[in-house]
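**Q**
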Amino acid sequence: MSGKVPLHAVVAVAGPTGAGKSELALRVAEEFNGEVVNCDSLQIYRYFDIGTAKLTKAEMRGIPHHLIDIADPDQVFTAGDYARLGRAALADISGRGRLPVVAGGTGFYLSALFEGLFRGPERDPALRERLAARESRRPGSLHGLLARFDAAAAARIHRNDVPKVMRALEVRLIARRPVTELFREGRDALEGYRTLKLCLAPERDALYARVDERCRRMFESGLLDEVRGILDRGYSAGAKPFESHGYRQAVQMLRGELNAQEALFYAQRNTRNYAKRQMTWFRKGPEMEWLEGFGNEPRVQEAALARVRKFLTIC
RNA sequence: GGACGGGUGGCCGAGCGGUUAAUGGCAACAGGCUGUAAACCUGUCGCCCCUUGCGGGCUACGGAGGUUCGAAUCCUCCCCCGUCCA
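Residue numbering for the first sequence follows our numbering, starting at 287 and increasing by one per position.
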C-alpha cells in the first residue's frame with residue numbers, strides 16, 4: 287500500500303436466505319451514513335419482487351439502494367457484469383462521502399466483487415451453442431474434449447458438471463490458453479478499499495423454520511399473481527430467474543403440474559437446501575466476521591454496529 | 001363374508017431362492033465452485049469395532065412358524081392397508 291492514498295471503506299453483510307441481511311444492512315446504512323448495494327443475483331431482475339424478498343420503497347426508509355431492478359428477466363446477467371456494476375456503485379457512493387453497504391447472499395457475486403474474477407474472455411453465446419449441440423449429441427464428449435485441450439482443468443472439473451466444463455472449454459478455445467494457466471495469473475481484485483465482511487449465522491433449525499414461514503407468506507401475498515404478471519408482459523416461463531426456488535414452483539402450479547400444497551412444499555424444501563449451500567460457501571469465506579443470530583435481532587444489530595464503528599475508526 | 005393387489009432401511013420405490021446391508025429417487029449430513037451461481041456438480045448415508053486396505057461383528061425387508069446348505073424372495077397361520085364383489 288502506498289500509504290498516501292486514503293482507502294475508502296466498504297461493509298458487506300452476507301448470510302443465508304432469511305437470515306435478515308436486508309434489515310441489518312439497512313440498520314448499518316442508517317447508522318453510518320451509508321447506502322445499500324444489493325448482492326443478490328435475483329433482486330437484480332425487475333418484476334421479481336415477492337419471491338426475492340425485495341424490500342419495498344417504504345421499507346427502505348429513504349436509504350438509497352443500488353443494483354436492484356437493473357435487468358430484464360430475459361437478459362443474461364453474469365458475475366462479471368455484477369462485479370463491474372458493483373464497483374461502479376462503490377465508487378459512486380464513496381465518491382459522495384457515504385459508506386457502501388453490500389448486502390446479499392450470492393456468494394459468487396460477492397467474491398467476484400471483492401476478490402475478482404480471472405482475466406479471461408467473456409462468454410460467447412455462439413460458441414456455447416455449438417458446444418451444447420455437441421454435448422447433447424454425445425453426452426460426456428465435452429469433458430473428453432477438455433481433457434485433450436486442458437488436462438489440468440479436466441482433472442479438477444467433474445465430467446458431470448457440464449456448465450463448468452463448457453466454460454473451461456470456451457476459455458481455452460477463445461483465449462487459446464488453458465484456464466488453469468490463466469487462473470495462475472491471479473484475479474482482478476477490488477483495490478482502493480478497506481473491507482469489513484459480516485456474515486450472519488443463525489442457528490440452523492431456527493433459520494429453516496423462518497425460511498418455511500417466509501415461503502408460505504410469499505405464496506399468500508401474491509407470488510402467483512406476480513408470476514402471471516411477468517408472463518403477461520411477454521417474458522417466457524423459460525427465462526433464467528424462473529429457475530429459482532419459489533418461482534419455479536409457481537410456474538409449475540400455473541401449468542397445473544403442482545397443486546398449492548406441493549408447490550409450497552417444494553419451494554420451502556429447495557429454499558432450505560439453498561440456505562445450506564450458502565452456509566457452506568460462506569463458511570470458507572476469507573476474513574469473515576461471524577454474527578450468530580438473525581439480522582433483525584437487537585442483540586445482533588448492536589454487535590454489528592459496534593464492529594462497524596470500530597472498523598471505521600481504523601479506516 | 002368372498003376375490004384380487006399390497007406391506008422393504010427417515011420417505012417413495014426396485015428386487016422375487018445365493019457375490020443383497022439390499023438398484024434407484026428424495027430427504028438428511030458434508031463438500032466443490034474463478035462470467036447464466038436461488039444455477040450446476042461431488043461424497044457419505046442401518047449400528048458397532050480395528051483410524052489400517054475391496055476388513056470384522058451385530059441387526060435388518062409387517063409378525064410367528066416352516067421348507068432349504070442358504071430366503072426380502074417359496075409354504076402355513078396371523079395382523080394391518082387398498083380396490084372390487086357381496
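Ideal placement from N, C-alpha and C gives every residue a C-beta, glycine not left out.
From M287 to Y479, what distance separates their C-alpha atoms?
**A** For this step, residue 287 is matched to residue 1 along the first sequence. For this step, residue 479 is matched to residue 193 along the first sequence. Low confidence applies here, because M287 scores a pLDDT of 45, under 50, leaving its location unreliable; read the following figure in that light. Taking the straight line from one Cα to the other gives about 11 Å.
**Q** Alpha carbon to alpha carbon, how far is A369 from Q547?
**A** Against the first sequence, residue 369 aligns to sequence position 83. Against the first sequence, residue 547 aligns to sequence position 261. Their Cα atoms are separated by approximately 38 Å.
**Q** What residue does the alpha helix (DSSP H) around G366 start on, and which one ends it?
**A** Numbered from 1 along the first sequence, position 80 holds the residue referred to as residue 366. Unbroken alpha helix (DSSP H) run through G366: 365-381.
**Q** Specify, as a first and last residue, the run of the beta strand (DSSP E) that Y479 falls within.
**A** As a first step, residue 479 must be located in the first sequence, where it is residue number 193. That run of the beta strand (DSSP E) goes 479-487.
**Q** What residues in its chain sit with their C-beta under 7 Å from that of L517, if we drop five residues either side in the sequence?
**A** Counted from its first residue, the first sequence places residue 517 at position 231. So the list reads A523, once near-sequence residues are dropped.
**Q** Rounded to whole angstroms, what's the CA-CA distance from M574 to F505? Just pull it up for me.
**A** Counting from 1 along the first sequence, the entry for residue 574 is found at position 288. Counting from 1 along the first sequence, the entry for residue 505 is found at position 219. Their backbone Cα atoms lie some 34 Å apart in a straight line.
**Q** Determine the extent of the alpha helix (DSSP H) in which V586 is found, giving its start and end residues.
**A** Taking the first residue of the first sequence as position 1, residue 586 is located at position 300. Per DSSP, V586 belongs to the alpha helix (DSSP H) from 584-600.
**Q** Can you tell me which residues form a DSSP beta bridge with W576?
**A** In the first sequence, residue 576 corresponds to position 290, counting from 1. Its beta-bridge partners are C485.
**Q** To the nearest angstrom, how far is the alpha carbon of L613 from that of A536?
**A** The question about residue 613 has no answer, for the chain in this structure spans 287 to 601.
**Q** Residues bridged to N324 by DSSP?
**A** In the first sequence, counting from the first residue as 1, residue 324 sits at position 38. Beta-bridge pairing links N324 to A389.
**Q** Can you list, in chain order, the residues of its chain whose CB lies under 7 Å from that of P527, leaving out five sequence neighbours each side?
**A** Here residue 527 is taken as the residue at index 241 of the first sequence, counted from 1. Contacts found: L328, Y331, F334, P359, Y533.
**Q** Could you check which residue in L493, A487, V322 has the C-alpha nearest to that of V586?
**A** Here residue 586 refers to the residue found at position 300 of the first sequence. Looking at the Cα atoms, A487 is the closest of the given residues.
**Q** Look at the Cβ atom of F597, then the Cβ atom of L482, and state whether they are nearer than 8 Å.
**A** Against the first sequence, residue 597 aligns to sequence position 311. Against the first sequence, residue 482 aligns to sequence position 196. Their beta carbons are under 8 Å apart, which means F597 touches L482 by this criterion.
**Q** Determine the burial state of K343: buried for a count of at least 16 other Cβ atoms within 10 Å of its Cβ, exposed for fewer.
**A** Locating residue 343 in the first sequence gives position 57, counting from the first residue. Answer is exposed; the Cβ neighbour count stays below 16.
**Q** Between L396 and C325, which are expected to be in contact by the criterion C-beta below 8 Å, what is the C-beta distance as a whole number of angstroms?
**A** In the first sequence, the residue the question calls residue 396 occupies position 110. In the first sequence, the residue the question calls residue 325 occupies position 39. About 5 Å; that satisfies the 8 Å criterion.
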